[in-house]
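Data block below; observations after.
Protein chains: 2
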Amino acid sequence: MQTWKDYQEKNKDRFLDELLELLRIPSISAKKEHKDDLLKCAEAVKDRLLKAGADKVEIYPTDGHPVVVGQKIVDPSKPTVLVYGHYDVQPADPLELWNSGPFEPVIKDGKIFARGSCDDKGQFYMHVKALETMINTNSMVTNIKFIIEGEEEVGSPNLGKFVSQNKELLKADVILISDTAMISLDTPSIDIGVRGLSYIEVEVTGPNRDLHSGVYGGAVANPITILAQMIASCHDENNHVTIPGFYEGVVESTEVERKLMAEAPYDEEEYKKDLGVKKLWGEKGYTTNERTGIRPTLELNGIWGGYQGEGAKTVLPSKATAKISARLVPNQSSERMTKLLLDHFKSIAPASVTVNAFEHHGGEPYMTPIDSKGYQAAAKAMETTFGKQPIPVRGGGSIPICALFEKELGVKIVFMGFGLDSDNLHSPNEKFDLANFYKGIETIPYFHKYFAEMV
Amino acid sequence: MQTWKDYQEKNKDRFLDELLELLRIPSISAKKEHKDDLLKCAEAVKDRLLKAGADKVEIYPTDGHPVVVGQKIVDPSKPTVLVYGHYDVQPADPLELWNSGPFEPVIKDGKIFARGSCDDKGQFYMHVKALETMINTNSMVTNIKFIIEGEEEVGSPNLGKFVSQNKELLKADVILISDTAMISLDTPSIDIGVRGLSYIEVEVTGPNRDLHSGVYGGAVANPITILAQMIASCHDENNHVTIPGFYEGVVESTEVERKLMAEAPYDEEEYKKDLGVKKLWGEKGYTTNERTGIRPTLELNGIWGGYQGEGAKTVLPSKATAKISARLVPNQSSERMTKLLLDHFKSIAPASVTVNAFEHHGGEPYMTPIDSKGYQAAAKAMETTFGKQPIPVRGGGSIPICALFEKELGVKIVFMGFGLDSDNLHSPNEKFDLANFYKGIETIPYFHKYFAEMV
Numbered sequence: 001m002q003t004w005k006d007y008q009e010k011n012k013d014r015f016l017d018e019l020l021e022l023l024r025i026p027s028i029s030a031k032k033e034h035k036d037d038l039l040k041c042a043e044a045v046k047d048r049l050l051k052a053g054a055d056k057v058e059i060y061p062t063d064g065h066p067v068v069v070g071q072k073i074v075d076p077s078k079p080t081v082l083v084y085g086h087y088d089v090q091p092a093d094p095l096e097l098w099n100s101g102p103f104e105p106v107i108k109d110g111k112i113f114a115r116g117s118c119d120d121k122g123q124f125y126m127h128v129k130a131l132e133t134m135i136n137t138n139s140m141v142t143n144i145k146f147i148i149e150g151e152e153e154v155g156s157p158n159l160g161k162f163v164s165q166n167k168e169l170l171k172a173d174v175i176l177i178s179d180t181a182m183i184s185l186d187t188p189s190i191d192i193g194v195r196g197l198s199y200i201e202v203e204v205t206g207p208n209r210d211l212h213s214g215v216y217g218g219a220v221a222n223p224i225t226i227l228a229q230m231i232a233s234c235h236d237e238n239n240h241v242t243i244p245g246f247y248e249g250v251v252e253s254t255e256v257e258r259k260l261m262a263e264a265p266y267d268e269e270e271y272k273k274d275l276g277v278k279k280l281w282g283e284k285g286y287t288t289n290e291r292t293g294i295r296p297t298l299e300l301n302g303i304w305g306g307y308q309g310e311g312a313k314t315v316l317p318s319k320a321t322a323k324i325s326a327r328l329v330p331n332q333s334s335e336r337m338t339k340l341l342l343d344h345f346k347s348i349a350p351a352s353v354t355v356n357a358f359e360h361h362g363g364e365p366y367m368t369p370i371d372s373k374g375y376q377a378a379a380k381a382m383e384t385t386f387g388k389q390p391i392p393v394r395g396g397g398s399i400p401i402c403a404l405f406e407k408e409l410g411v412k413i414v415f416m417g418f419g420l421d422s423d424n425l426h427s428p429n430e431k432f433d434l435a436n437f438y439k440g441i442e443t444i445p446y447f448h449k450y451f452a453e454m455v
Numbered sequence: 001m002q003t004w005k006d007y008q009e010k011n012k013d014r015f016l017d018e019l020l021e022l023l024r025i026p027s028i029s030a031k032k033e034h035k036d037d038l039l040k041c042a043e044a045v046k047d048r049l050l051k052a053g054a055d056k057v058e059i060y061p062t063d064g065h066p067v068v069v070g071q072k073i074v075d076p077s078k079p080t081v082l083v084y085g086h087y088d089v090q091p092a093d094p095l096e097l098w099n100s101g102p103f104e105p106v107i108k109d110g111k112i113f114a115r116g117s118c119d120d121k122g123q124f125y126m127h128v129k130a131l132e133t134m135i136n137t138n139s140m141v142t143n144i145k146f147i148i149e150g151e152e153e154v155g156s157p158n159l160g161k162f163v164s165q166n167k168e169l170l171k172a173d174v175i176l177i178s179d180t181a182m183i184s185l186d187t188p189s190i191d192i193g194v195r196g197l198s199y200i201e202v203e204v205t206g207p208n209r210d211l212h213s214g215v216y217g218g219a220v221a222n223p224i225t226i227l228a229q230m231i232a233s234c235h236d237e238n239n240h241v242t243i244p245g246f247y248e249g250v251v252e253s254t255e256v257e258r259k260l261m262a263e264a265p266y267d268e269e270e271y272k273k274d275l276g277v278k279k280l281w282g283e284k285g286y287t288t289n290e291r292t293g294i295r296p297t298l299e300l301n302g303i304w305g306g307y308q309g310e311g312a313k314t315v316l317p318s319k320a321t322a323k324i325s326a327r328l329v330p331n332q333s334s335e336r337m338t339k340l341l342l343d344h345f346k347s348i349a350p351a352s353v354t355v356n357a358f359e360h361h362g363g364e365p366y367m368t369p370i371d372s373k374g375y376q377a378a379a380k381a382m383e384t385t386f387g388k389q390p391i392p393v394r395g396g397g398s399i400p401i402c403a404l405f406e407k408e409l410g411v412k413i414v415f416m417g418f419g420l421d422s423d424n425l426h427s428p429n430e431k432f433d434l435a436n437f438y439k440g441i442e443t444i445p446y447f448h449k450y451f452a453e454m455v
């Protein structure tokens with residue numbers, strides 16, 4: 001539609017400026033000291049939705065950070081699309097590796113560098129600008145609801161309750177989420193699955209205080225050594241996870257599915273070069289795409305203990321701690337996996353230490369059927385604006401709330417992501433290409449058009 | 001000698017006040033930002049030596065922190081005792097575990113709580129006050145030299161050069177060091193050996209940037225996992241160190257020696273209770289005293305990588321790092337062990353990561369012969385003031401400069417330590433019992449008396 005394109009072209013600089021404003025708010029949900037920033041960000045999201053033309057927007061408090069819900073109802077008889085996104089972001093550490101301030105967005109080489117630029121402020125904001133486009137060009141063919149939350153990066157601990165208590169408010173015919181990546185602008189793709197997550201913390205305590213490593217070393221269990229042994233015991237020489245029951249429930253892909261996956265463009269040399277590694281690593285018997293798409297994995301997200309400062313300190317520390325998470329695939333249960341991990345790390349602790357393990361958060365895996373109307377509308381929308389059919393792929397990341405959304409609201413979810421794997425999500429120098437941002441805004445109205453035609 | 005005791009009793013409060021002044025200077029040698037504090041502390045040591053009656057004291061700059069050398073020469077024909085000590089201290093981290101400020105000394109339950117109270121400000125200061133006692137009671141029977149350095153806690157990297165360039169200045173008949181512990185006031189003991197040290201840092205790099213653990217997890221080596229595997233591979237199920245060549249050169253103790261060691265008082269239940277552990281840990285086939293005294297050990301002193309903050313971050317980190325040290329026993333070489341460790345950690349790194357390893361510092365092990373005049377004088381001095389013969393024991397800690405002292409100056413070293421293993425050296429809440437501080441000051445003049453009589 002030329003009118004959409006004209007409107008967007010005329011307003012593109014303002015669209016970007018508005019996004020940069022949002023990116024300046026350090027809405028890090030994991031850190032208590034940013035509580036006010038989250039509130040400020042929720043207010044900003046509400047304001048933007050109203051200015052885009054939503055006819056009702058409310059900020060709902062939760063036991064954690066608030067949820068913003070807005071809507072533009074044009075005709076109750078038309079289909080309703082519920083757009084989900086999140087205004088919270090990951091912590092910015094390690095700060096010293098950023099080339100510019102994580103909350104001082106800069107445009108460089110056609111990319112927006114800032115925490116949240118892609119995950120997810122930049123992506124959910126495409127939907128706000130698509131809404132504005134359709135309203136101002138009088139071309140709304142669906143009702144659109146928004147639910148933009150502030151706790152996705154900490155596992156959406158309070159959203160489940162909110163959703164189950166507000167089913168009528170959120171009632172829709174499909175849920176549309178832009179919080180994933182596609183292969184490239186040349187090779188559009190749609191995630192048909194996200195992995196689930198179980199995230200725990202394991203603290204190993206040896207002696208009741210830090211000790212002199214000379215006076216006591218050799219006679220008392222060193223919690224770093226023990227924690228390292230516990231971590232090392234979790235993978236075998238083929239990089240299979242050895243925790244009993246870890247692979248239980250995994251739906252094995254058929255040879256046909258694996259063959260289809262292998263058709264997605266993948267250049268191992270390029271992949272290694274981009275990451276700066278000489279050799280890849282992973283579960284024997286699976287390709288890189290399979291390892292990140294269809295297999296559950298166990299990752300160490302953080303570790304610390306003892307002296308970490310400049311120089312040397314001859315200490316035998318009292319404690320060592322690790323943050324550990326598993327990515328889950330259909331049909332694994334996050335609740336079951338979390339319990340499995342907690343029990344496992346407690347059970348393998350030798351008697352010379354004590355282990356305290358607790359859950360951070362989790363989320364179930366989710367799959368979108370390719371023959372669902374939502375997927376079909378998304379594929380057709382991308383084909384329209386990219387000039388070629390998107391490839392269905394399995395994403396490695398997690399959006400904790402998906403399974404619950406489907407259970408509570410009874411509708412399917414479509415992941416129409418416009419990020420790239422190389423966007424440094426959760427890492428220093430997170431970025432979002434301007435071309436992808438604008439392509440998203442251009443594509444989204446077509447989703448509504450085709451979805452309305454199909455339903 | 002009643003005159004010594006009277007003098008010390010009359011001045012004991014001032015002795016303590018002076019020590020507390022020294023303890024207020026945060027002379028942490030490992031941290032660059034404390035460079036001025038080290039200088040200030042060296043000046044304070046010089047001032048105290050002069051006030052105690054030394055007739056010459058100089059501060060000598062080095063490439064690192066300065067060395068303080070002082071002397072009181074009463075008669076060149078009398079024997080000379082060189083007292084070694086250090087005015088630098090270990091870092092105070094983790095600060096949150098201290099019950100009071102590490103550099104705001106407090107007296108509680110008859111103990112001085114402060115970083116350096118025992119290691120080694122409190123202990124070398126006993127010698128300054130013993131010097132004052134002997135001068136002011138006209139009872140000097142030896143010449144006394146002092147060498148108090150500022151880099152012991154970082155491995156004395158510049159002292160070797162200073163000693164070899166100043167042999168005449170430091171010329172003595174024996175070297176006396178109070179930088180070790182004894183069993184208790186009821187069971188006096190003298191360390192006849194200190195372990196050597198090799199201290200390295202190992203940095204494992206996986207991908208060139210922090211990655212999203214969902215997008216890349218399972219396909220790229222996680223440096224925390226790899227580092228944990230490397231650490232875990234260093235001990236077998238009997239807690240023997242598995243690094244090839246690690247035990248090379250170790251002088252195995254005879255059955256007779258081991259029997260003698262076993263006679264030292266040791267209550268395993270008390271030991272475990274003090275440390276708050278249910279079970280001890282260590283090399284199979286050796287007792288606790290043997291594990292910390294006559295066996296080389298490998299300890300993890302610190303580890304860090306990935307997200308260590310509040311909450312959860314789903315990151316696959318770029319780097320993970322560990323500080324690792326070995327304690328060495330006669331006749332192991334620190335230089336050889338350091339190379340062995342560096343080579344080992346580089347050699348076991350899988351191709352999916354790169355490993356950078358470098359040395360922090362090291363020091364050779366040292367043994368004092370029981371039949372040396374220095375040991376005999378120390379034993380007799382302790383017998384005089386404690387009322388019972390001290391037990392010769394093997395200490396677990398390290399004093400890096402010992403082997404070099406003997407080589408350069410051609411004399412034996414005696415370790416007459418008045419600390420306790422429970423003094424929390426290198427740990428939060430380091431303390432030194434007032435009773436031990438005063439017992440040291442009382443005992444030291446007898447060492448000079450008996451040593452002069454023997455030579």
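For the protein sequence lines, the chains are A and B, in the order given. With the working numbering, the residue at position 209 of the first sequence is 209, and numbering never jumps. With the working numbering, the residue at position 401 of the second sequence is 401, and numbering never jumps. Every residue gets a Cβ at the ideal spot worked out from N, C-alpha and C, and that includes glycine.
Residue i at chain B interface by Cβ criterion, 7 angstroms
{"i": "residue 295 (chain A)", "result": "yes"}
{"i": "residue 160 (chain A)", "result": "no"}
Collapsed DSSP secondary structure at residue i in the structure displayed
{"i": "residue 382 (chain A)", "result": "helix"}
{"i": "residue 419 (chain A)", "result": "strand"}
{"i": "residue 10 (chain B)", "result": "helix"}
{"i": "residue 128 (chain A)", "result": "helix"}
{"i": "residue 451 (chain B)", "result": "helix"}
{"i": "residue 250 (chain B)", "result": "coil"}
{"i": "residue 243 (chain A)", "result": "coil"}
{"i": "residue 154 (chain A)", "result": "helix"}
{"i": "residue 113 (chain A)", "result": "strand"}
{"i": "residue 103 (chain A)", "result": "coil"}
{"i": "residue 89 (chain B)", "result": "strand"}
CB contact check: residue i to chain A, cutoff 7 angstroms
{"i": "residue 108 (chain B)", "result": "no"}
{"i": "residue 195 (chain B)", "result": "yes"}
{"i": "residue 413 (chain B)", "result": "no"}
{"i": "residue 389 (chain B)", "result": "no"}
{"i": "residue 123 (chain B)", "result": "no"}
Alpha-carbon to alpha-carbon, residue j and residue i
{"i": "residue 369 (chain B)", "j": "residue 1 (chain B)", "result": "28 angstroms"}
{"i": "residue 160 (chain A)", "j": "residue 331 (chain A)", "result": "20 angstroms"}
{"i": "residue 288 (chain A)", "j": "residue 419 (chain A)", "result": "19 angstroms"}
{"i": "residue 110 (chain B)", "j": "residue 327 (chain A)", "result": "55 angstroms"}
{"i": "residue 144 (chain A)", "j": "residue 71 (chain A)", "result": "6 angstroms"}
{"i": "residue 401 (chain B)", "j": "residue 60 (chain B)", "result": "17 angstroms"}
{"i": "residue 382 (chain B)", "j": "residue 211 (chain A)", "result": "27 angstroms"}
{"i": "residue 121 (chain B)", "j": "residue 142 (chain B)", "result": "23 angstroms"}
{"i": "residue 457 (chain B)", "j": "residue 173 (chain B)", "result": "Because chain B here runs from 1 to 455, residue 457 (chain B) falls outside it and cannot be looked at."}
{"i": "residue 139 (chain B)", "j": "residue 392 (chain B)", "result": "29 angstroms"}
{"i": "residue 237 (chain A)", "j": "residue 378 (chain A)", "result": "42 angstroms"}
{"i": "residue 55 (chain A)", "j": "residue 41 (chain A)", "result": "20 angstroms"}
Whole alpha helix (DSSP H) runs in the segment 261–323 of chain B with 4 or more residues, listed along the chain? The DSSP assignment places 268–275 and 288–293 as complete runs of the alpha helix (DSSP H) inside the segment 261–323 of chain B, in order along the chain (cut-off: 4 residues).
Entirely within the segment 16–84 of chain A and at least 3 residues each: give me those beta strand (DSSP E) ranges in chain order. Counting only runs of 3 or more, we get 56–60 and 67–72.
Which runs of the beta strand (DSSP E) fall wholly inside the segment 326–408 of chain B and span at least 3 residues, in chain order? As far as the segment 326–408 of chain B is concerned, its whole beta strand (DSSP E) runs of at least 3 residues are 354–363 and 391–394.
Write down every uninterrupted run of the alpha helix (DSSP H) in the segment 157–230 of chain A whose length is 4 residues or greater and which is fully enclosed by it, in chain order. Unbroken alpha helix (DSSP H) stretches of 4 residues or longer found wholly inside the segment 157–230 of chain A: 159–165 and 167–170, given in chain order.
For the segment 206–222 of chain B, which residues have a CB atom closer than 7 angstroms to at least one CB atom of chain A, in sequence order? Of all residues in the segment 206–222 of chain B, only 206, 207, 208, 209, 210, 211, 212, 213, 214, 215, 216, 217, 218, 219, 220, 221 and 222 place a beta-carbon less than 7 angstroms from a beta-carbon of chain A.
Select from the segment 269–286 of chain A all residues with a C-beta closer than 7 angstroms to any C-beta belonging to chain B, and list them in chain order. Hits within the stretch, in order: 275, 276, 277, 278, 279, 280, 281, 282 and 283.
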